[in-house]
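Participant:
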Amino acid sequence: MKYISCLQVAALLWSANTAVAQNGPLPYLRVPDQRQLDWQRQELYAFLHFGPNTFTGEEWGRSQSLPDIFNPTTLDTDQWAKTLADAGMEGMILTAKHHDGMCLWNTSTTTYKVANSAWAKGRVGLDADIVRMAAGSAKKYGMKFGVYLSPWDIHRDPAMPKPGLQGTIYDEPQIFGDSSPGDYNTLYTQQLTELVTMQLADGTPIDLFEVWLDGASGSDTVQTFNWTGFREVIRAHQPSAVMWGHQGPDARWVGNEDGFTVPTNWNTISRTQDDAHYSGEELERGVRDGLYWTPAESDARIRDGWFYHADEPSKSGTALMDMYLKTVGRGVNLLLDVPPDTRGLIADVDAANLMEFARLRKATLSRNLVTPDLKTSSSSVRAGDSDEYGPGKVIDGREDTYWTMDDDKLTGWVEMELDNVYPVDGFIVQEHIALGQRIGGYGIDAMANGDTEYRVLVNGTSMGYKRIDLLETAVETSRIRLRVTQANAVPLIQGVQVLGSRR
Ligand code: FUL
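What follows is the structure in structure tokens.
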């Protein structure tokens, strides 16, 4: 009998493991990093525009009002977080400073802050730091938290006269566009540093999931921003935070503010935030096989403006659902603005519309007829290894498994047999983007009961993280097939859900 040593056993085990790993598909071109993957899975979260504009009725206030303008009557950041969490949103991003320069947290960088308002001074014994309060409420309700800090700062911009502040302690130097030491870049860096190192009242650090670096400016003053320095500050203190900018670096603008993107959407582009800007249409679509993994986020509004204006209508649950299908349903995260009103609360009508939106999402999308025990088959399986890469992987509900084939196969199909005949009216399909975005064409077919041939129901282009395809008319069927019709590398299908009603 031949004995082998412990070392040999270890070596054998190691080579067995490596064999599985070597068997797996290699990453295709650009892939998301972990923070981008985690962020992509948030899908739907809220934007909160709150500040002087809420009280003046403006969208782009000119930094003319004293901090006393900020006077919410019954501010309750818990109500924001609870309302948004109840509506199924994963997080909230607050305008810590909008273009008018007034800071919502108790910064040491400026006198122009709500902490200097009569409202704040009247909160004896209570916190008046709105960023910290909102972060605390987010944590309490299990929501992620992020901040928006406007680079363009009218309060500091020499092109923007501020007669309203003249002779007050708020009439601070206009250093925007000044390249001498101590210029606006230093100020912005200090503000950013305060935000990314902020702690809750009990001393626990505030984790940010996203930092919004807005590119908007309505001024002729040329300010050369120290983007590299800003990014270093964020990465150093909040390594998990996704930095949003026109072109990233971590997430890009979707090219419009109307809550939609075009049907074909790529997660890569070939320019960084420091290069010439793409047009809106180019950002909507992205660049296939581009140089950087920079997925899109759609920033859209529940009302017409970003800030609360009493006379503006609130979008219905149906309108928000339509938005959702044209963003999240096309693999793009939806950042929906829900502005607190002059009371400092999310308006009742907005809350009601959000709840209806949540109900519609559940009623439409939480009807998966697929369970992990169903019978599946496929055109082929990578290395014949069904345990690792078989068609059953598309219905196991996991994010780390997928069906795939040998590297030379760029097209193929996976099929599943439902446990009965059901009226089917939609599909949710997902590509395993952790290893890159590969698929440029897919189809979904059904074989109706008694038929011998498949009927084409869906013809799609890019797949990416998630695609939701709803049918106008339900089809009675028990057999579904997903075909990959075009891919630039062997396709990896992570998930297939079939939506329909159980009788
Ligand atoms: C834009 C800003 O100008 C708007 O006021 C708003 O904050 C929107 C989200 O970004 O660039």
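Numbering of the sequence shown is given in the working numbering, commencing with residue 41 and proceeding in unit increments. Don't be surprised by glycine CBs; every beta carbon is placed ideally from N, CA and C.
Cβ-heavy atom distance between Gly-256 and the ligand FUL below 8 Å?
Facilitator: The amino acid at residue 256 is misidentified as Gly; the sequence shows Ala. Correct: Ala-256 has its Cβ closer than 8 Å to the ligand FUL.
Participant: Take Cys-46 and list the residues in its own chain whose beta-carbon comes closer than 8 Å to its own, dropping the five residues that flank it on each side.
Facilitator: With a pLDDT of only 41 at Cys-46, under 50, the local geometry of the prediction cannot be trusted, and no value is derived from it.
Participant: First and last residue of the beta strand (DSSP E) that includes Tyr-482?
Facilitator: Where Tyr-482 is concerned, the enclosing beta strand (DSSP E) stretches over 479-488.
Participant: Write down every uninterrupted run of the alpha helix (DSSP H) in the stretch 82-170 whose length is 4 residues or greater and which is fully enclosed by it, in chain order.
Facilitator: Runs found: 92-96, 117-126, 158-161.
Participant: Ordered along the chain, which non-local residues of its own chain (more than five positions away) have a Cβ less than 8 Å from that of Gly-430?
Facilitator: Cβ within range, chain order: Thr-416, Ser-418, Val-421, Trp-443.
Participant: Is DSSP giving Asn-305 helix, strand or coil here?
Facilitator: Here Asn-305 sits in coil by DSSP.
Participant: My parser needs the alpha helix (DSSP H) runs of 4 or more residues fully inside the stretch 238-324; what are they?
Facilitator: If we require 4 residues or more, the alpha helix (DSSP H) runs fully inside the stretch 238-324 come out as 267-277.
Participant: Pairing CB atoms from the stretch 403-415 with CB atoms from the stretch 164-177, are three or more of them under 8 Å?
Facilitator: In short, these stretches do not touch, since the Cβ pair count stays below three.
Participant: My output table needs one value for Asp-211: the three-state DSSP class, helix, strand or coil.
Facilitator: Asp-211: coil per DSSP, three-state reduction.
Participant: For the ligand FUL, is there a heavy atom less than 8 Å away from the beta-carbon of Glu-352?
Facilitator: Answer for Glu-352: no, Cβ out of range of the ligand FUL.
Participant: Suppose the cutoff is 7 Å on Cβ atoms and the five residues either side in sequence are ignored; what does the same chain contact list for Gly-207 look like?
Facilitator: Cβ within range, chain order: n/a, list empty.
Participant: To the nearest angstrom, report how far apart Glu-297 and Glu-324 are at their CA atoms.
Facilitator: Taking the straight line joining both Cα atoms gives about 11 Å.
Participant: Contact defined as beta carbons within less than 8 Å: I believe Gly-91 pairs with His-349. What is the distance between those atoms, to the nearest angstrom?
Facilitator: Incorrect: roughly 13 Å between the Cβ atoms, too far for contact.
Participant: Given 8 Å as the limit, is there contact between the stretch 482-495 and the stretch 305-320, that is, 3 or more CB pairs closer than that?
Facilitator: With a cut-off of 8 Å, the stretch 305-320 and the stretch 482-495 do not count as touching, because too few Cβ pairs lie within range.
Participant: Give the DSSP-derived three-state secondary structure of Asp-459 in the structure shown.
Facilitator: Of the three classes helix, strand and coil, the one that applies to Asp-459 here is strand, per DSSP.
Participant: Within the same chain, show all residues whose beta-carbon is closer than 6 Å to that of Leu-450, passing over the 5 residues directly before and after it, in chain order.
Facilitator: Hits under 6 Å: Ala-527.
Participant: For Ile-209, count neighbouring C-beta atoms within 10 Å of its own C-beta (all shown protein chains included) and say buried if the count is 16 or more, exposed if not.
Facilitator: So Ile-209 counts as exposed.
Participant: Taking Thr-525 as part of the beta strand (DSSP E), name the residues at either end of that continuous run.
Facilitator: Run containing Thr-525: 507-527, per the beta strand (DSSP E) assignment.
Participant: Could you give the C-beta distance for Ala-281 and Leu-253, rounded to a whole number, given that I count them as a contact under 8 Å?
Facilitator: With 8 Å as the limit, Ala-281 and Leu-253 do not qualify as a contact, their Cβ atoms being about 11 Å apart.
Participant: Would you mind reading off the limits of the alpha helix (DSSP H) that contains Gly-357?
Facilitator: Note, Gly-357: alpha helix (DSSP H), 357-365.
Participant: Is Asp-197 near the ligand FUL, going by C-beta to nearest heavy atom under 8 Å?
Facilitator: It does not: the Cβ of Asp-197 is nowhere closer than 8 Å to a heavy atom of the ligand FUL.
Participant: Kindly indicate which three-state DSSP category Ala-61 falls into: helix, strand or coil?
Facilitator: Note that Ala-61 scores 46 on pLDDT, short of 50, meaning its location in the model is unreliable and no value can be drawn from it.
Participant: Among His-195, Arg-407, Ala-86, Asn-93, whose alpha-carbon lies nearest the alpha-carbon of Ala-125?
Facilitator: When only C-alpha atoms are compared, the closest one is Ala-86.
Participant: With DSSP run on the structure shown, which of helix, strand or coil describes Glu-352?
Facilitator: Coil at Glu-352, not helix or strand.
Participant: Is Gly-504 near Glu-471, with beta carbons less than 9 Å apart?
Facilitator: For Gly-504 and Glu-471, yes; Cβs fall inside 9 Å.
Participant: For Gly-345, which three-state DSSP category applies?
Facilitator: The answer is coil: DSSP assigns Gly-345 none of H, G, I, E or B.
Participant: Should Ser-190 be listed as close to the ligand FUL, given that the test is whether its C-beta is under 8 Å from any heavy atom?
Facilitator: Yes.
Participant: Measuring only the C-alpha atoms, how far is Arg-196 from Arg-271?
Facilitator: Spanning the two alpha carbons is a distance of roughly 21 Å.
Participant: With DSSP as the reference, label Gln-206 as helix, strand or coil.
Facilitator: Coil at Gln-206, not helix or strand.
Participant: For Gly-384, does the three-state DSSP call read helix, strand or coil?
Facilitator: Reduced to three states, the DSSP call for Gly-384 is coil.
Participant: Determine the closest residue to Leu-497 out of His-138, Pro-198, Arg-521, Gly-452, with distance taken between C-alpha atoms.
Facilitator: Out of His-138, Pro-198, Arg-521, Gly-452, Arg-521 has the C-alpha closest to the C-alpha of Leu-497.
Participant: Can you list, in chain order, the residues of its chain with a C-beta nearer than 6 Å to that of Gly-186? Leave out the 5 residues immediately preceding and following it.
Facilitator: Same-chain partners within the cutoff: Ile-133, Leu-248, Phe-249, Glu-250.
Participant: Any chance the CB of Phe-87 is under 8 Å from a heavy atom of the ligand FUL?
Facilitator: For the ligand FUL, at least one heavy atom lies less than 8 Å from the Cβ of Phe-87.
Participant: With the cut-off set at 9 Å, would you say Glu-83 and Val-461 are in Cβ contact?
Facilitator: No, they are not a contact pair.
Participant: Name, in chain order, the residues that DSSP records as bridge partners for Lys-449.
Facilitator: For Lys-449, which the question treats as bridged, DSSP gives no partner whatsoever.
Participant: Lys-402: buried (16+ other C-beta within 10 angstroms of its C-beta) or exposed?
Facilitator: Its Cβ having fewer than 16 others within 10 Å, Lys-402 is exposed.
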